[in-house]
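S.K.: For the sequence shown, the UniProt record's numbering gives the first residue as 370, with consecutive numbering after it.
Idealized CB from N, CA, C, for every residue including glycine.
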Amino acid sequence: EWNMHDFCQKQIDIIMNKMGEKYVVGAVSGGVDSSVAAALVHKAIGDRFRPFMVDTGLLRKDEAKIVKERLEKHIPGMKLKVLDESAHFYKELAGVSEPEKKRKIIGRLFVEAFEKAVSEMGLPHEKCLLLQGTLYPDVIESTSYKGPSSIIKTHHNVGGLPDRMKMEVIEPLRLLFKDEVRALGNELGLPVTSVMRHPFPGPGLGIRIIGEVTKESAETLSAADDIYIEELRKAGHYDKIGQAFAVLLPTVRSVGVMGDHRTYENVCVLRAVTTTDFMTADWYDMPHDVLARISNRIINEVKGINRVCYDVSSKPPATIEWE
Ligand code: XMP
370 EWNMHDFCQK QIDIIMNKMG EKYVVGAVSG GVDSSVAAAL VHKAIGDRFR PFMVDTGLLR
430 KDEAKIVKER LEKHIPGMKL KVLDESAHFY KELAGVSEPE KKRKIIGRLF VEAFEKAVSE
490 MGLPHEKCLL LQGTLYPDVI ESTSYKGPSS IIKTHHNVGG LPDRMKMEVI EPLRLLFKDE
550 VRALGNELGL PVTSVMRHPF PGPGLGIRII GEVTKESAET LSAADDIYIE ELRKAGHYDK
610 IGQAFAVLLP TVRSVGVMGD HRTYENVCVL RAVTTTDFMT ADWYDMPHDV LARISNRIIN
670 EVKGINRVCY DVSSKPPATI EWE
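#1: Rank 483, 547, 581 and 648 by C-alpha distance to the C-alpha of residue 503 and give the top, closest one.
#2: Pull the bridge partners of residue 643 from the DSSP assignment, please.
#3: Report, in whole angstroms, the separation of the C-beta atoms of residue 677 and residue 667, which I expect to be a contact under 8 Å.
#4: Under DSSP, the alpha helix (DSSP H) around residue 459 begins and ends at which residues?
#5: I'd like the list of long-range same chain contacts for residue 422, defined as Cβ closer than 8 Å, with 5 residues on each side in sequence excluded.
#6: Measure from the C-beta of residue 541 to each C-beta in chain C and report whether the shortest distance is under 8 Å.
#7: What alpha helix (DSSP H) runs, 4 residues minimum, are completely inside the segment 536-589?
#8: Is residue 410 closer than 8 Å to residue 499 when the C-beta atoms are compared?
#9: Which runs of the beta strand (DSSP E) at least 3 residues long sit entirely within the segment 379-459? Give them in chain order.
#10: Between the alpha carbons of residue 387 and residue 441, how many angstroms are there, rounded?
#11: Report all residues from its chain with a CB closer than 8 Å to the CB of residue 464; omit the five preceding and five following residues, and keep chain order.
#12: Say the cut is 7 Å; is the CB of residue 458 nearer than that to a heavy atom of ligand 1?
#13: On the DSSP bridge assignment, give the partners of residue 669 in chain order.
#14: Can you give me the C-alpha to C-alpha distance between residue 689 and residue 644, rounded to a whole angstrom?
#15: At which residue ranges does the segment 580-637 contain complete alpha helix (DSSP H) runs of 4 or more residues, listed in the order of the chain?
#16: Under a Cβ-count criterion, where at least 16 other Cβ atoms within 10 Å of its own Cβ denotes burial, should residue 405 be classed as buried or exposed?
#17: With a Cβ-Cβ cutoff of 8 Å, do residue 595 and residue 429 count as a contact?
#18: Taking 7 Å as the line, does the beta carbon of residue 647 fall inside it for any heavy atom of ligand 1?
#19: For the candidate residues 558, 692 and 612, whose alpha-carbon lies nearest to that of residue 445?
#20: Report the rounded CA-to-CA distance for residue 513 versus residue 507, giving the unit in angstroms.
#21: Within 10 angstroms of its Cβ, does residue 389 collect 16 or more other Cβ (buried), or is it exposed?
#22: Which runs of the beta strand (DSSP E) spanning at least 3 residues fall entirely within the segment 469-501, listed in chain order?
#23: Work out the CA separation of residue 661 and residue 613 for me, nearest whole Å.
#24: Which residues does DSSP pair with residue 674 in a beta bridge?
#25: Using 10 angstroms around the beta-carbon of residue 509, count the other beta-carbons present and answer buried if the total reaches 16, otherwise exposed.
#26: Taking the alpha carbon of residue 443 as the reference point, which residue from 538, 563, 493 and 680 has its own alpha carbon closest?
#27: Rounded to a whole number of angstroms, what is the C-alpha to C-alpha distance between residue 462 and residue 674?
#28: Taking 7 Å as the cut-off, is the beta-carbon of residue 501 closer than that to any non-hydrogen atom of ligand 1?
#29: What are the residues that DSSP puts in a beta bridge with residue 679?
#30: Can you give the Cα-Cα distance for residue 403 and residue 427, rounded to whole angstroms?
#31: Heavy atom of ligand 1 less than 7 Å from the Cβ of residue 612, yes or no?
#32: Looking at residue 684 and ligand 1, is the gap between the Cβ and the nearest heavy atom below 7 Å?
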């Protein structure tokens, strides 16, 4: 008879046995897998687990702050260190508009930030294990995030660490499917806002700002996206959707009227899909009143956006993300 409580205890024993005097370091994104992995390892070894989060400037609105508060509240005793690398990311992304180039830059900067975080902890590499939130589907596909679309897009995770960073890896979720990870998160006391989140890609808003990424465009998009997600939650649609997010088209400007003057501003696209495995997806049949409310709020509250569109493309042939 298999249950999550026993699984949890068993994994904690395994981690403690494997550990000796070692430390565990790990990047937490605030997503389901890294949050559950963090809660589990913290439960096993307490402050010998050193989690950190990289604020790339391409996260959801106030995400680093919110994730830090949420995890520290629900994983008592755990301290999440946040590295604000946003200025560096914006600087390196200036002038770059090609999606694959943006992905490569973001991936490289992430590895550099990772290295910096680990070296700031002052722990010798040979005494450290690296926590990864690898799930069973990643294991069978042999490399994480290899969907069919990875042939056409370079998906980035913390996979590609340079040789000087090579550490033994610990993957406590590698026997689990996503729904089991959520159940484990529940067992470990994480809130629904942590265990029932939509996935968020590593490159974040960097691949949802179509074209060059700037601090301004990231702020505009995160404001629109925040309104979108808030309204989906309020209307009870968030949990029926596999992934929902806003996309910004900063190179497209459309004419509008605001009061008695003409506006000439950017377009925001809303995307929402239902899916079982993210390999195929259908666009979500969103009720018109919900769309109307979201559109009104975004146009009225977000400076720089004067038009909102809804994406009605399925995957394939469209992908879920726009880049
Ligand atoms: P696509 O756009 O290929 O997305 O239909 C399928 C799923 O993968 C996510 N995605 C990524 N995740 N790094 C990630 O960690 C990436 O570069 C990346 N690109 C897409 C996407 O959000 C969706 O859940």
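M.R.: If we stick to the structure as given:
#1: 547
#2: 651
#3: 5 Å
#4: 455-462
#5: 396, 397, 398, 399, 433, 436, 437, 449, 450, 451 and 452
#6: Among the chains in the structure shown there is no chain C, since it carries only a single protein chain.
#7: 547-556 and 561-564
#8: no
#9: 392-396, 418-424 and 450-453
#10: 25 Å
#11: 581
#12: no
#13: Residue 669 is not bridged to any residue.
#14: 10 Å
#15: 584-603
#16: buried
#17: yes
#18: yes
#19: 558
#20: Low confidence applies to residue 513: its pLDDT is 43, below 50, so where it sits in the model is not reliable enough to give any reading.
#21: exposed
#22: 497-500
#23: 16 Å
#24: 635
#25: exposed
#26: 563
#27: 22 Å
#28: no
#29: 639
#30: 18 Å
#31: yes
#32: yes
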